[in-house]
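So the protein sequences, as listed, match chains A and B. The first sequence begins at 1 in full-length UniProt numbering and counts up one residue at a time. The second sequence begins at 1 in full-length UniProt numbering and counts up one residue at a time. For every residue, glycine included, the Cβ atom is placed at its ideal position computed from N, Cα and C.
There are 2 protein chains.
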Amino acid sequence: MKTLDWNTLFGERARRIQASTIRELLKLTQRPGVLSFAGGLPAPELFPKEEAAAKAAEILRQKGEVALQYGPTEGYFPLRAWVAEWLGVSPEEVLITTGSQQALDLLGKVFLDEGSPVLLEAPSYMGAIQAFRAYGPRFLTVPAGEEGPDLKALEEALNQEYPRFLYLIPSFQNPSGGLMPLEARRRLLEMAMERGLVVVEDDAYRELYFGESRLPSLFELAREAGYPGVIYLSSFSKVLAPGLRVAFVVARPEVILKFTQAKQGVDLHTPVLNQILVHELVKEGFPERLDRIRTTYKAKAQAMLEALDREMPKEVAYTRPKGGMFVWMTLPEGLSAEALFRQALEENVAFVPGGPFFANGGGENTLRLSYATMDRERIQEGIRRLGKAVKGLLATA
Amino acid sequence: MKTLDWNTLFGERARRIQASTIRELLKLTQRPGVLSFAGGLPAPELFPKEEAAAKAAEILRQKGEVALQYGPTEGYFPLRAWVAEWLGVSPEEVLITTGSQQALDLLGKVFLDEGSPVLLEAPSYMGAIQAFRAYGPRFLTVPAGEEGPDLKALEEALNQEYPRFLYLIPSFQNPSGGLMPLEARRRLLEMAMERGLVVVEDDAYRELYFGESRLPSLFELAREAGYPGVIYLSSFSKVLAPGLRVAFVVARPEVILKFTQAKQGVDLHTPVLNQILVHELVKEGFPERLDRIRTTYKAKAQAMLEALDREMPKEVAYTRPKGGMFVWMTLPEGLSAEALFRQALEENVAFVPGGPFFANGGGENTLRLSYATMDRERIQEGIRRLGKAVKGLLATA
């Protein structure tokens, strides 16, 4: 009998698919007693448990034959129609996906060939880097900060290359928390329109603004300008519950059609029960729910910033988020966030080192803090511990 | 502003991803009044509506923070452990997937490079062909019938090529309904072991046998023989409800690890609520549920066979399924199942033409009939109509 060496049996692509180092680190943070700012999880106290329980039972009793049966790949029509009305598009422009992560995989599948250039912010969402990487593209990056991507660097990159698409999170970026100002959005869109550049706008955090209102999305600005090249992703993960895995893509019908064909081969369709449940949960009282979520996160962000202002030495820089779930911290050049991670774990506090958010490396002195899952007291205690670890690292540096 | 031609913006792969012709045909069968044997849908009267309603409400009330939160990529541990115990493996050998379709996509992603040979039965499951095709493999096929793949043809193929894997549905094959006898299973396994061939066993219909018991799976036989090269797929779609999209892969831990890494990039994890719900539904009374399902499908198959025996002219051949959901029909050489499809639609009856189940073409005179969703009366009336269409086609041929 021949022995099997799986590493030689797998294809080339399998070598590119690796466990994210972060996920390995995160396992260490599950220890009891650790206050973790590491996860990107939404606040569980905001989940609509009771409402979902009542609605799920009603759905299964009253239309179990639909909720439990195979469904259309495009999604449950009433949910598509609801999203369409919410965003001012038509249902043919909406595809329901099994989380936004699936939309990222479909983007790779449909747009990226081996070696295709694809343009990202540095840092950018790790799950996007991971999804795209499986398709073997060539990553181009532009630096991004509190006001989004560096537009000069972006223009230079676009003058040299024509990427298959530009992937951006303009509002409350993961991991940096950055928010592109309106003027930057307009300028970026101009550049895209001049070049016929496809822009993928990931707007998972769209509703989590702390100010008076939301900035218009690139997608909305592009619609006004008559430009069809923006593909829009968003999700119910941050405004209802991520465990349901219900998200959506909005784009021109010809793009939706190709994504739908790709999705057929990937999971046939998103679970029907979950889609009906989301529809039942959003069709009434959604604005009030969003208000509660915004108020909650704003208070948590405030608690973290107060603690950071009190506990952090002046050598350390951090963002002041205008929305979303994250504070992005930068240690003095030359210091390692992974070294800090180990030191912090000894203080029973955890975060995510920033390195893996950079598609082409770098960012070793950066880290991401999430304030979403903890209450005010634990946030303050966690930052006190982190401050101690930071001071310890600085003292030995 | 540059105009956008999406077909040039998409990658090479997008050209391979096409709508299945069947799905286009199926749309025609949704017309009111049409009796459709076309879909591969399970019988909705077997869905555990009331039980699922009660359990879902309880889960969301009692552990909503878990059911609605992000979960581990490998799956909800108690469900993995339940599957492991059911199949006599360890939980580390089980990955929960978002339907078996996702497992097929992951297989392609992990094993197939552009041009890799992959061996399938002809006919085989269309969803597998579709999932693999996106990765650009070279399909090799061996003819398969009521007793599974032609082992002589299989041996010849394996003497010439070493495919990345052999994909098989040994029990109640979709679409042919075929069942590989025990002796053939043993012989196939010997061939695989001699060559170190990876065998993917898709056992979605494992519990739908009409006889006294189930034949041992290739996976079980391989375990007995100490051969690690069988990857086993199955699902709760046919024994609980497909709309929940909960299925699983069983394989060596090193394979599960690579699939888990690939799944991270694809949808992060299968919806947690759905996994807990499946676990709650199977952990009690599952054997009795399976008995009910078997009895129901057996009676439906019987009803279809009686009608076929009565209505079909002798020129037409069809299988007598020993389990599963399908009868496979072969028209006289030279007749077209697509032509019959059009004629049948005029009689308000539908089925799936067999052509798309053949990865490399052929099978134009074959078709698949599902008896799963209709009751006895409608099955008989549908077959009466189909008989009329067949006789019409034969008369004009």
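*List the residues that DSSP assigns as beta-bridge partners of B/I96.*
Per DSSP, B/F248.
*Would you please verify whether the beta carbon of B/E65 is less than 8 Å from any beta carbon of chain A?*
Chain A, which has a Cβ nearer than 8 Å to the Cβ of B/E65, makes this yes.
*Same chain, Cβ closer than 7 Å to residue 441 of chain B, five either side skipped, listed in chain order*: Residue 441 of chain B falls outside the range modelled here, since chain B spans only 1 to 397, and no answer is possible.
*Residues in its own chain within less than 6 Å of A/V349 by CB, not counting five upstream and five downstream?*
Leaving aside the five residues that flank A/V349 on each side, the residues in its chain whose CB is nearer than 6 Å to its CB run, in chain order, L35, G382, R385 and L386.
*Sort A/F286, A/T98 and A/E12 by Cα distance to A/T260 and report the nearest one.*
Of A/F286, A/T98 and A/E12, the smallest CA-CA separation from A/T260 is found for A/T98.
*What is the DSSP secondary structure of B/T270, reduced to helix, strand or coil?*
Correct three-state label for B/T270: coil.
*Going by beta carbon distance, what residues of the same chain come within less than 6 Å of B/R252, once the five residues before and after it are set aside?*
Counting only residues of its own chain and dropping the five nearest sequence neighbours on each side, B/R252 has a CB closer than 6 Å to the CB of P228.
*Residues bridged to B/F139 (per DSSP)*: Residue pairing of B/F139 in beta bridges, as defined by DSSP: B/V118.
_Residues of its chain near B/A359, where Cβ-Cβ distance is below 7 Å and the 5 sequence neighbours each way are ignored_ = L120, A122, S124, I129, F139 and T141.
*Quick one: is A/R378 near chain D, going by C-beta distance under 8 Å?*
Checking the listed chains, one finds no chain D in this structure; the protein chains it contains are A and B.
*Could you tell me which residues DSSP puts in a beta bridge with A/S36?*
Partner(s): A/A350.
*Report the three-state DSSP secondary structure of B/M329 (helix, strand or coil).*
Reduced to three states, the DSSP call for B/M329 is strand.
_Other residues of its chain near A/L151: CB distance less than 7 Å, five sequence neighbours each side excluded_ = Listed in chain order, the non-local C-beta contacts of A/L151 below 7 Å within the same chain comprise A184, R187 and L188, local neighbours out to five positions each way being set aside.
_Per the DSSP calculation, A/E201 is bridged to which residue(s)?_
A/L168 and A/Y232, per the DSSP bridge assignment.
*Exposed or buried, A/F6, counting other C-beta atoms within 10 Å across all chains shown (16 or more means buried)?*
Reading the sequence as shown, one finds Trp at residue 6 of chain A and not Phe. A/W6 should be labelled buried.
_Buried or exposed for A/W328, going by 16 or more other Cβ atoms inside 10 Å?_
The residue is buried, with at least 16 neighbouring Cβ atoms inside 10 Å.
*alpha helix (DSSP H) segment containing B/R294, residue limits*: Here the alpha helix (DSSP H) through B/R294 covers F286 to E311.
*Output, in sequence order along the chain, the residues in the segment 12 to 37 of chain B whose CB is closer than 9 Å to any CB in chain A.*
Result list: E12, R13, A14, I17, Q18, A19, S20 and R23.
*State the start and end residues of the unbroken alpha helix (DSSP H) segment that holds B/R384.*
That run of the alpha helix (DSSP H) goes R376 to T396.
*asked:* For A/T73, report the span of its alpha helix (DSSP H) as first-last.
replied: Per DSSP, A/T73 belongs to no alpha helix (DSSP H) and is neither H nor E.
*asked:* Under 8 Å, Cβ to Cβ, is there at least one residue of chain B near A/F111?
replied: At a cut-off of 8 Å between beta-carbon atoms, A/F111 makes contact with chain B.
*For the segment 320 to 340 of chain A and the segment 297 to 308 of chain A, state whether three or more C-beta atom pairs, one from each stretch, are separated by less than 8 Å.*
A contact between stretches requires three or more CB pairs, one per stretch, nearer than 8 Å, and the segment 320 to 340 of chain A meets this requirement with the segment 297 to 308 of chain A.
_Which residues does DSSP list as the beta-bridge partners of B/L369?_
Answer is B/V327, bridged to B/L369.
*C-alpha distance - B/A307 paired with B/Q380, whole-angstrom precision*: Counting only the Cα atoms, B/Q380 lies some 5 Å from B/A307.
*Who are the near neighbours of A/P332 in its chain, counting only those whose CB is closer than 8 Å to its CB and skipping five residues on each side?*
Excluding five sequence positions before and after A/P332, the CB atoms of its chain that fall closer than 8 Å to its own CB belong to E315, V316, N365, L394 and A397, given in chain order.
*asked:* Taking the alpha helix (DSSP H) that A/Q173 belongs to, which residues open and close that run?
replied: Neither: A/Q173 is in no alpha helix (DSSP H) and is coded neither H nor E.
*Using a Cβ cut-off of 7 Å, which residues of the segment 218 to 234 of chain A contact any Cβ in chain B, in chain order?*
Here the close residues are Y227, P228 and G229.
*Take A/N174 and list the residues in its own chain whose beta-carbon comes closer than 6 Å to its own, dropping the five residues that flank it on each side.*
Excluding positions up to five away in sequence, the list reads Y125.
*Using DSSP with H/G/I as helix, E/B as strand and the rest coil, what is B/G127?*
In this structure, B/G127 counts as helix in the three-state DSSP scheme.
*Using a threshold of 8 Å, state whether the C-beta atoms of A/F236 and A/L208 are closer than that.*
No, the pair does not count as a contact, with Cβ atoms beyond the cut-off.
*Would A/E280 count as contacting chain B if we go by Cβ distances under 8 Å?*
Judged by the 8 Å Cβ criterion, A/E280 is not in contact with chain B.
*Can you find a CB in chain B that lies within less than 8 Å of the CB of A/Y297?*
It does not: the Cβ of A/Y297 has no partner Cβ on chain B nearer than 8 Å.
*Please confirm if B/Y70 has its CB atom under 8 Å from at least one CB of chain A.*
Taking 8 Å as the CB threshold, B/Y70 lines the interface with chain A.
*Can you give the Cα-Cα distance for residue 416 of chain B and B/R15, rounded to whole angstroms?*
The question about residue 416 of chain B has no answer, for chain B in this structure spans 1 to 397.
*Check whether the Cβ of A/M1 lies closer than 8 Å to any Cβ atom in chain B.*
Using beta-carbon distances, A/M1 counts as an interface residue toward chain B, with a partner under 8 Å.
*Using a threshold of 8 Å, state whether the C-beta atoms of B/A344 and B/L41 are closer than that.*
Not closer than 8 Å, so no.
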